[in-house]
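In case it helps, the UniProt record's numbering puts the first sequence at residues 1 to 413.
Where is the CB? At the ideal position from N, CA and C, for every residue including glycine.
One structure below.
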Amino acid sequence: MAKTPQAIRGTQDIFGADAEAFAFVVEAFERVRKLYRFRRVEMPVFEKTEVFSRAIGETTDVVSKEMYSFGDRGGESLTLRPEFTAGIARAFLSNGWQQHAPVKLATHGPLFRYERPQKGRYRQFHQIDAEIIGAGEPQADVELLAMADQLLKELGITGVTLHLNTLGDGDSREAWRAALVEYFLGVKDELSEDSQERLEKNPLRILDSKDRRDRAFVADAPKIDQFLSDDARAFFGAVTSGLDAAGVKWQRAESLVRGLDYYRHTAFEFIPDEGSEAAGKLGSQSTILGGGRYDGLMESLGGAPTPAVGWAAGIERLAMLVGDRAEPNADAIVVVENDGAMDAAIAALGTLRRGGLTAELFASGSPRKRFDKAVKAGAEAIVAFDLRDGAPARRIKADEAATARLEALLGRS
RNA sequence: GCGAUCGUAGCUCAGUUGGUUAGAGCGCCGGUUUGUGGUACCGGAGGUCGCGGGUUCGAACCCCGUCGAUCGCCCCA
Numbered sequence: 001m002a003k004t005p006q007a008i009r010g011t012q013d014i015f016g017a018d019a020e021a022f023a024f025v026v027e028a029f030e031r032v033r034k035l036y037r038f039r040r041v042e043m044p045v046f047e048k049t050e051v052f053s054r055a056i057g058e059t060t061d062v063v064s065k066e067m068y069s070f071g072d073r074g075g076e077s078l079t080l081r082p083e084f085t086a087g088i089a090r091a092f093l094s095n096g097w098q099q100h101a102p103v104k105l106a107t108h109g110p111l112f113r114y115e116r117p118q119k120g121r122y123r124q125f126h127q128i129d130a131e132i133i134g135a136g137e138p139q140a141d142v143e144l145l146a147m148a149d150q151l152l153k154e155l156g157i158t159g160v161t162l163h164l165n166t167l168g169d170g171d172s173r174e175a176w177r178a179a180l181v182e183y184f185l186g187v188k189d190e191l192s193e194d195s196q197e198r199l200e201k202n203p204l205r206i207l208d209s210k211d212r213r214d215r216a217f218v219a220d221a222p223k224i225d226q227f228l229s230d231d232a233r234a235f236f237g238a239v240t241s242g243l244d245a246a247g248v249k250w251q252r253a254e255s256l257v258r259g260l261d262y263y264r265h266t267a268f269e270f271i272p273d274e275g276s277e278a279a280g281k282l283g284s285q286s287t288i289l290g291g292g293r294y295d296g297l298m299e300s301l302g303g304a305p306t307p308a309v310g311w312a313a314g315i316e317r318l319a320m321l322v323g324d325r326a327e328p329n330a331d332a333i334v335v336v337e338n339d340g341a342m343d344a345a346i347a348a349l350g351t352l353r354r355g356g357l358t359a360e361l362f363a364s365g366s367p368r369k370r371f372d373k374a375v376k377a378g379a380e381a382i383v384a385f386d387l388r389d390g391a392p393a394r395r396i397k398a399d400e401a402a403t404a405r406l407e408a409l410l411g412r413s
């Protein structure tokens, strides 16, 4: 026999209860997104490589070592999207969506990153995504976060807190960054190896290092608040008071930074509370929803300065938190206990389905065992067909309400 | 890219210091029993023990390599 090819590392075949949980997340997102009047957008799964390298930042890990890039037949370098935001920004610019600005957009689908898979992290993974483009006011941040908060509540996810920070405007962020570099340079030899490297590449990231050696210094590191311009401080104040007004609980996280170059002002993540059930289910992949403001992104793609905020959440991670979602039982299972009654059963099956009932046919294997299999499979009703005096006869096993509903469709026997 | 753990039936797993023909439960298929029902019993199919090499009289078991999975580091949703 020919050998079965293996699935690609880090891809998943999702089935059964896991697939139901996945669908549950997407359905809730679609519902909430409509409540908040976010408009649905469908995006290409791949783009020219430069869309991502310019938007996300050449030096980030995502671009430098995690992209699925390939040359097409014309020699163009293309990349499977590692995130939504860059592609949406490109679409906004190339389609002239400025005319709709401010525009609230929502989408979901697969993303690709060449990483080592582990719990809650895959090479092909799936996100839901929400963006508000062309809105520079803090109310947009509030709107976006209120939507995220409501979504998590509707999913029944508890033990998760919104961690909120500001990175200030471009100047604030640069000043803070310079101060951090200077501070950490002074204690460089005592930092972990990873953080010594981060000092060169991404000094902000030292702040959320997990290494104990770094932690001691992080506590005394310069705080963004010292470097905020008046405007930036006022902006953040408006976001937090807006969240309070909207009833969204949040917690200040001074060392929360986001990995990608384009973030400004608001940065946030929803993270499970330490020791919570949610934290246990997620393993070490703790962020379930993250995002922020990216006012500089459009310029990096050659567009006019355009303020924007957005977030994305991993569907797999959310699905792990919503618990098992059993596949629903059929409204009716039609059992053929004698093949002579097959046609009558098939006819009844069609009638039930046209009447809006979910229905399935059990007509294979030993006729004597089919009924037991139906009982075991579980259904609101079992409609059994047999031959009585040579003619097809029907018997319904269900409670009164279900029996009445079936008889209304099938007629009384 | 680095580290740890693990690969035995469709699934979950047992398999004694290395010793005859590798097992169980569930599931699947068939039969018997029951006969307005989720029962019980009997039988059957299904395994190159991830793959390759080595040690040994003899390897599922020990050693090396390789592939894969899981979890962690880095990074991130």
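Item	Value
Residue closest to Asp295, alpha-carbon to alpha-carbon, out of Pro138, Arg73, Ala377	Pro138
Buried versus exposed call for Leu185 [16 or more other C-beta atoms within 10 Å across all chains shown]	exposed
Assigned exposure category for Asn95 - 16 Cβ within 10 Å defines buried	exposed
For Lys376 and Arg388, the rounded distance between their alpha carbons	25 Å
Reduced DSSP category for Val248 - H, G, I as helix; E, B as strand; rest coil	coil
Residue range of the alpha helix (DSSP H) that includes Val309	Premise fails: Val309 lies in the beta strand (DSSP E), 308 to 314, not in any alpha helix (DSSP H).
Residues near His163 in its chain [Cβ-Cβ closer than 6 Å; skip 5 each side]	Gln251, Ala253, Leu256, Glu269, Ile271
Gln139 (DSSP reduced to helix, strand or coil)	helix
Local Cβ density within 10 Å of Leu80, reported as buried at 16 or more and exposed below that	buried
Buried versus exposed call for Gly275 [16 or more other C-beta atoms within 10 Å across all chains shown]	exposed
Assigned secondary structure, Gln118 (DSSP; H/G/I helix, E/B strand, else coil)	strand
Straight-line Cα distance separating Arg40 from Pro307	20 Å
Beta-bridge partners of Glu269, as assigned by DSSP	His163, Gly290
Ala359 vs Ala384 beta-carbon contact at 9 Å	no
Sequence-distant residues of its chain with Cβ nearer than 7 Å to Arg317 (five each side left out)	Gly120, Leu282, Gln285, Ile288
Close Cβ partners of Ala398 (< 6 Å) along its chain, the five nearest in sequence each way excluded	Ala381
Residue closest to Lys369, alpha-carbon to alpha-carbon, out of Arg394, His265, Ala345, Glu337	Glu337
Beta carbon of Leu111 nearer than 9 Å to that of Arg258	no
Close Cβ partners of Ala345 (< 6 Å) along its chain, the five nearest in sequence each way excluded	Val334, Val336, Phe385
Entirely enclosed alpha helix (DSSP H) segments - the region 333 to 386, minimum 4 residues	342 to 354, 367 to 377
Beta carbon of residue 429 nearer than 9 Å to that of Leu105	Residue numbering for the chain in the displayed model covers 1 to 413; residue 429 lies beyond these limits and cannot be assessed.
Other residues of its chain near Tyr262: CB distance less than 6 Å, five sequence neighbours each side excluded	Tyr294, Gly296, Leu297
C-beta contact flag for Arg123 and Thr11 at 9 Å	yes
Inter-stretch contact (C-beta, 8 Å, three-pair minimum) for the region 70 to 90 and the region 32 to 51	yes
Within the region 44 to 89, ranges of the beta strand (DSSP E) (whole runs, at least 3 residues)	46 to 48, 68 to 71, 77 to 80
Distance, Asp141 Cα to Glu30 Cα	20 Å
Reference Gly302; option with closest CA among Ser241, Ala91, Val181, Ser195	Ala91
Beta-carbon gap between Ile88 and Thr107 smaller than 9 Å	yes
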